[in-house]
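A quick write-up on the structure given underneath.
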Amino acid sequence: MLKNIGEAITWIESQVRFKPKADLKRMTSAYRRLRIDLSGIKKIHVAGTNGKGSVCAYISHILIESGYKVGTYTSPYLISFNERIRYQFQNIDDKDLYELILSIYFFNQSFEKSYGESLSFFELLTLMSFMYFEKMKVDVMVIEVGIGGLLDATNIL
726 MLKNIGEAIT
736 WIESQVRFKP
746 KADLKRMTSA
756 YRRLRIDLSG
766 IKKIHVAGTN
776 GKGSVCAYIS
786 HILIESGYKV
796 GTYTSPYLIS
806 FNERIRYQFQ
816 NIDDKDLYEL
826 ILSIYFFNQS
836 FEKSYGESLS
846 FFELLTLMSF
856 MYFEKMKVDV
866 MVIEVGIGGL
876 LDATNIL
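If you're matching positions, the sequence shown starts at 726 in my numbering and goes up one per residue.
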């Protein structure tokens, strides 16, 4: 069991970074099983070779200044793991992050038993960001593509 935020971050960072896949079935299945509903949230999906993090920051700031509630999901982090998931351009706090990691930890255990394989680090983190943005009732999600390409976990949006 994950007793504190440090153990929780250590656990999630220890998960397999990349799992080869031929489609998005595993991620789609996990998304559905978690019953995440992002249908009422506008999404901005940022892809490309360079500058994705900067573009996400610019877009998020513009939207916040325009009065929108904005969730931003980027990687990697520079100083703190919490930088990956932001609301109103404030890093997710340790309490919310710990609760999300605990939730996804138990979900991943049951998912692995029923689906036959666990989710990767990036898939877990992506699902956590979706869960958080749903909880925070954001108007807009600004999502940075991770590994990239058609099979990136963020493409289930």
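Idealized CB from N, CA, C, for every residue including glycine.
Using a Cβ-Cβ distance cut-off of 8 Å, the segment 821 to 831 and the segment 768 to 788 are not in contact, since fewer than three pairs of beta carbons, one from each stretch, lie closer than that value.
Two segments are said to touch when three or more pairs of C-beta atoms, one from each, lie closer than 8 Å; by this definition the segment 862 to 869 does not touch the segment 726 to 737.
Fewer than three pairs of CB atoms, one per stretch, sit closer than 8 Å, so the segment 794 to 802 makes no contact with the segment 837 to 845. Straight-line spacing of the CA atoms in Q813 and K820 works out to 17 Å. Here S839 is exposed, its C-beta having fewer than 16 other C-beta atoms within 10 Å.
Taking all protein chains in view, the Cβ of F847 is crowded by 16 or more other Cβ atoms within 10 Å, so the residue is classified as buried. For the 8 Å CB-CB criterion, L850 and I868 do not form a contact. Between the alpha carbons of K750 and I817 lies a distance of about 28 Å.
Residue pairing by DSSP puts Q815 in a beta bridge opposite Y812.
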